[in-house]
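Heads up, the thing below is written out as structure tokens.
Numbering (the numbering used here), first residue to last: 2 to 407.
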């Protein structure tokens, strides 16, 4: 698991500096600079150094080009990025990551300025620094297999006050940053003076689709910490972004869930069946309906829905609209421990006939198999075709699956 601490803000250079602090990858940075120079035909320099922010040691990185672009068509910046990626030959998922980061930036600019990509001219984002941040993060992310990890982030501190940009003096959060955090539902704080979150930093984080929280409930072991320094000096706190790589100490995987419950005493069985199906189609993790006796000795149902924490608002709205209930109980966000699951198809021979059967396999984090179970639909199909009891089919397939998969 990777934890990103953005409580002092976020920017492209802070993320890149923190990644560099995790390991010695200066050689890769030099190669990126060479590629940008080749594609843009500009002379560029990069400076990496150790600094202190609030007495805490961190890395900082600054990139600049001689006669840098003051304005650049968005489609031209996209063209430069694609040329750089073609030269660098990143793995497909990290090339896609780089492209996605720039797409997030351009779409935010398009929405704010009501222009399409061909008409849009970038100002602050037109510099080669944007290219450098996107490429550097993607390259270093590949080096440490970033995308193979669960990613968690704190809410983003955007800062507060006013700042000057090419369009004049504006209040923080600036329009592009506000558009990104709105589109990607990023939780924010507005603490400390100054612009603490840049569009590039927000776009990089958005592309990673992290889970947002201040807490890590499951036990983890810290393996490495990278600290990237921001440009500003914040009086109240060190202006540092941390990337913390951890190792899960649990035997099983976990995720964050919310439990929603409501009592229903004026609803038919047909509607209950419809609601269960609707909730599952919309992505509920589990739905239960429990018969109950409520006030005035009325027969009723308790509708219990487990959903991902980020989906709770969607399911609250759905339950209210579909049931007409007057209230829903919502548990505090909690952790669910789950076994890893996968489905494999195996070939079995029963009564002289061969069948393909899907088997659900559950494992712990070390890959040890906990249980095997043949899919019900496949077992009933075989039971009907061979005209033998379902339990007999399940038992025979279990024996064969144990021999093949254990």
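Beta carbons: idealized from backbone N, C-alpha and C, even for Gly.
Given the structure is predicted, the values throughout are model-derived calculations rather than measurements.
First and last residue of the uninterrupted alpha helix (DSSP H) at residue i
i, result
"residue 134", "129 to 144"
"residue 276", "270 to 282"
"residue 377", "377 to 387"
"residue 236", "Counting along the chain, residue 236 falls outside any alpha helix (DSSP H), and DSSP gives it neither H nor E."
"residue 176", "176 to 184"
"residue 22", "13 to 23"
"residue 28", "27 to 41"
"residue 367", "No alpha helix (DSSP H) contains residue 367, which DSSP labels as neither H nor E."
Nonlocal neighbours in the same chain, by C-beta distance under 7 Å from residue i, ignoring five residues either side
i, result
"residue 340", "253, 363, 364, 365 and 371"
"residue 395", "375 and 380"
"residue 323", "276 and 279"
"residue 1", "Because residue 1 is not part of the residues shown, which for the chain are 2 to 407, the question remains open."
"residue 133", "33, 37 and 64"
Alpha-carbon spacing of residue i relative to residue j, whole angstroms
i, j, result
"residue 90", "residue 357", "40 Å"
"residue 407", "residue 376", "18 Å"
"residue 3", "residue 346", "33 Å"
"residue 14", "residue 287", "42 Å"
"residue 54", "residue 19", "13 Å"
"residue 270", "residue 258", "27 Å"
"residue 25", "residue 223", "19 Å"
"residue 64", "residue 42", "15 Å"
"residue 86", "residue 220", "38 Å"
"residue 273", "residue 291", "11 Å"
"residue 313", "residue 225", "33 Å"
"residue 227", "residue 260", "35 Å"
"residue 295", "residue 142", "55 Å"
"residue 247", "residue 146", "13 Å"
"residue 397", "residue 338", "31 Å"
"residue 171", "residue 105", "22 Å"
"residue 186", "residue 204", "12 Å"
"residue 117", "residue 81", "18 Å"
"residue 139", "residue 50", "21 Å"
"residue 230", "residue 236", "14 Å"
"residue 184", "residue 213", "15 Å"
"residue 255", "residue 309", "12 Å"
"residue 101", "residue 148", "14 Å"
"residue 281", "residue 386", "30 Å"
"residue 137", "residue 17", "6 Å"
"residue 77", "residue 188", "32 Å"
"residue 326", "residue 285", "18 Å"
"residue 207", "residue 283", "23 Å"
"residue 245", "residue 332", "29 Å"
"residue 234", "residue 241", "10 Å"
"residue 311", "residue 5", "18 Å"
"residue 144", "residue 103", "20 Å"
"residue 135", "residue 99", "6 Å"
"residue 95", "residue 268", "50 Å"
"residue 202", "residue 293", "51 Å"
"residue 68", "residue 369", "58 Å"
"residue 330", "residue 304", "10 Å"
Integer Cβ distance of residue i from residue j, believed to fall under 8 Å
i, j, result
"residue 344", "residue 355", "So it is not a contact: roughly 19 Å between Cβ atoms."
"residue 177", "residue 211", "Between residue 211 and residue 177 the Cβ distance is about 20 Å, and since that is not below 8 Å, they are no contact."
"residue 351", "residue 383", "6 Å"
"residue 306", "residue 316", "6 Å"
"residue 66", "residue 129", "5 Å"
"residue 263", "residue 328", "7 Å"
N- and C-terminal bounds of the beta strand (DSSP E) containing residue i
i, result
"residue 61", "57 to 66"
"residue 291", "287 to 295"
"residue 496", "With the chain running from 2 to 407 in the structure shown, residue 496 is simply not present."
"residue 414", "The displayed coordinates of the chain run from 2 to 407. Any statement about residue 414 would go beyond what the structure contains."
"residue 403", "From DSSP, residue 403 is part of no beta strand (DSSP E) but of the alpha helix (DSSP H) over 391 to 406."
"residue 305", "299 to 309"
"residue 356", "354 to 364"
"residue 222", "221 to 230"
"residue 171", "169 to 172"
"residue 345", "341 to 351"
Contact set for residue i: own chain, Cβ-Cβ below 6 Å, skip 5 residues either direction
i, result
"residue 299", "266"
"residue 48", "63"
"residue 239", "54, 55 and 57"
"residue 180", "109, 112 and 113"
"residue 349", "356, 358, 398 and 401"
"residue 22", "60, 227 and 228"
"residue 198", "10, 11, 157, 159 and 178"
"residue 84", "40"
"residue 8", "155 and 158"
Own chain, CB closer than 8 Å to residue i, minus 5 neighbours either side, in chain order
i, result
"residue 215", "155 and 156"
"residue 88", "36, 39 and 40"
"residue 1", "An answer regarding residue 1 cannot be provided, because it is not within the stretch 2 to 407 covered by the chain."
Are the region 179 to 192 and the region 249 to 267 in contact at 8 Å, needing three or more beta carbon pairs?
no
So does the region 146 to 153 actually touch the region 30 to 47, counting three or more Cβ pairs closer than 8 Å?
By the C-beta criterion, the region 146 to 153 is judged not to be in contact with the region 30 to 47, since fewer than 3 inter-stretch pairs fall below 8 Å.
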